[in-house]
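Novice: If you scroll down you'll find the structure; I have some questions about it.
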Amino acid sequence: MGNKIRLGIIYGGKTSEHEVSLLTALSIMKAVDKNKYEVQPIYVQMDGTWLKGGPIADQVLESVNVLRLDGGVSSGSNDHDQEKQGQITLAGNQSLMGKPANVMSIHQEVDVIFPVIHGPNGEDGTVQGLLELADIPYVGTGVMASAVGMDKLMMKNVFAQAGLDQVQYMGFLRSQIEREVDSVMNQIEQKLGYPCFVKPANMGSSVGITKAKDRDDLRGALELACKFDRRIIVEEFIKAREVEIGVLGNEELRTSVIGEVIAAKEFYDYEAKYKGGGTDLKIPADLPQQVADRIAEMAKTAFQALDGSGLSRVDFFYDEENDRVVINEVNTMPGFTPFSMYPMLFAEAGIPYAELIDQLVQLGLERYEEKQRNIVAAEELE
Ligand SMILES: Nc1ncnc2c1ncn2[C@@H]1O[C@H](COP(=O)(O)OP(=O)(O)O)[C@@H](O)[C@H]1O
Ligand SMILES: [Mg+2]
């Protein structure tokens, strides 16, 4: 036991990607070397309640249901043997953290945390901020890059500043759309035309996204997007292949091979992403070397422009006809099961899943150490 790294995994979350997150957590727990790590589950229920289970052992990791913590234990049981067998127990009130602020209390129980919640309230810097306040080292992207990476408008502004080629876009506030939808639509028609993509700035998983083909579509698309966020982005449509690349590192960056997403449907929507609606991943993507090199360079530039850390998957459009590579987005907490694009891209690049997790934990610890170098107040200079 003694020298194991106590690795907390925060999963679940109040998001449409809750179940995906459970799968990711299960995969990570199964994969990590139990001689090196003691894994501690921290579950954020759909209603926002936080639960913490005891250290988890391999043999119980058969289905995600174990990770719902309360479901993994027969009610009222205080049997200590159960714990020895590696069952997750909700041992007394310690384990019901309730409000996220109580995460501060686990500071003594873990050495490092891997937050694997996707989407808002997980991938957007909020959980990361909590862990900063709790002074717990964590895996992956920091507060600022998470927040910027989650907001498609802010992200595109940062990419523009970094000189990265991207599609034309416009940003609107929900209040403006509600006040003067016809004027908004006129502006969109003038600058972008049809088809165009309408997206809530702050979602992910293609939720609330519509490809609008005419003015009627556009009206409905704006209305839908406004249900999900108060900031809306509208983009010019680009006819192109979709290719993705992984970036790994803090300051010294490594890129993976490139993968291609071949969507059978109109676009890579929620169904296709999570219900396997006929989407093929091709790894590695069939690209001229010169294009692959450009993509790798742009991915690093994007990562650095956001000040990323640990991991990101950077998504591109490749317009073959015009030999144009256009950045679409950075995902700071990409899908992370062994069958998700990011881990598969690195497996192909020679870093298998368990080792990838190992490296990410190491990078998280290094990032924490680096931060300790900062002095907090000028007086400390004396
Ligand atoms: N401007 C665009 N032109 C063409 N297709 C697009 C455009 N924007 C998005 N798409 C399609 O919609 C999908 C989801 O959009 P994306 O911005 O990646 O949102 P998410 O964050 O939900 O993944 C993309 O993978 C792509 O298939
Ligand atoms: Mg995407």
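Residue numbers (UniProt numbering): 1 to 382. Even glycine gets a Cβ: it sits at the ideal position worked out from N, Cα and C.
1) Between which two residues does the alpha helix (DSSP H) carrying N186 extend?
2) Taking three-plus beta-carbon pairs below 8 Å as touching, is the region 143-156 in contact with the region 118-126?
3) Please identify the residue among K199, D214, T141 whose C-alpha is closest to the C-alpha of E189.
4) Could you tell me which residues DSSP puts in a beta bridge with A212?
5) Rounded to a whole number of angstroms, what is the C-alpha to C-alpha distance between F114 and P137?
6) Check whether the region 281-292 touches the region 251-266, taking contact to mean three or more Cβ pairs, one atom from each stretch, closer than 8 Å.
7) Who are the near neighbours of M344 in its chain, counting only those whose CB is closer than 8 Å to its CB and skipping five residues on each side?
8) Whole beta strand (DSSP E) runs in the region 130-157 with 3 or more residues, listed along the chain?
9) At what residue ranges does the region 216-298 contain a whole run of the alpha helix (DSSP H), taking only runs of 4 or more?
10) Determine the DSSP secondary structure at D319, reduced to helix, strand or coil.
11) Mind checking E19: buried by the 16 CB within 10 Å criterion, or exposed?
12) What is the residue span of the beta strand (DSSP E) that E329 lies within?
13) In the structure shown, what three-state DSSP assignment does M203 receive?
14) Let me check understanding here. Comparing Cα to Cα, which of L360, E380, V325, C196 lies closest to L218?
15) Could you check the C-alpha separation between A377 and G335 for me, to the nearest Å?
16) Just reading off the alpha helix (DSSP H) that Q359 is part of, what are its end residues?
17) Would you kindly report the start and end of the unbroken beta strand (DSSP E) that includes M46?
18) Give every residue of the same chain whose Cβ lies closer than 6 Å to the Cβ of E380, excluding the five residues on either side of it in the sequence, and list them in chain order.
19) Can you have a look at M46 and say buried or exposed, based on whether 16 or more other CB atoms are within 10 angstroms of its CB?
20) In the DSSP assignment, find the beta strand (DSSP E) that holds F114 and state where it starts and stops.
21) By Cβ distance below 7 Å, which residues in the same chain neighbour R254 in space, the five residues on each side in sequence not counted?
Specialist: Taking the geometry as given:
1) 181-191
2) yes
3) Checking every option, the nearest Cα to that of E189 belongs to D214.
4) C196
5) Distance between the alpha carbons of F114 and P137: 9 Å.
6) yes
7) Excluding sequence neighbours, M344 sits near G259, L281, I283, P338.
8) none
9) 270-274
10) strand
11) exposed
12) 324-331
13) In this structure, M203 counts as coil in the three-state DSSP scheme.
14) C196
15) 39 Å
16) 353-372
17) Run containing M46: none; DSSP gives neither H nor E here.
18) Cβ within range, chain order: n/a, list empty.
19) exposed
20) 112-115
21) L248
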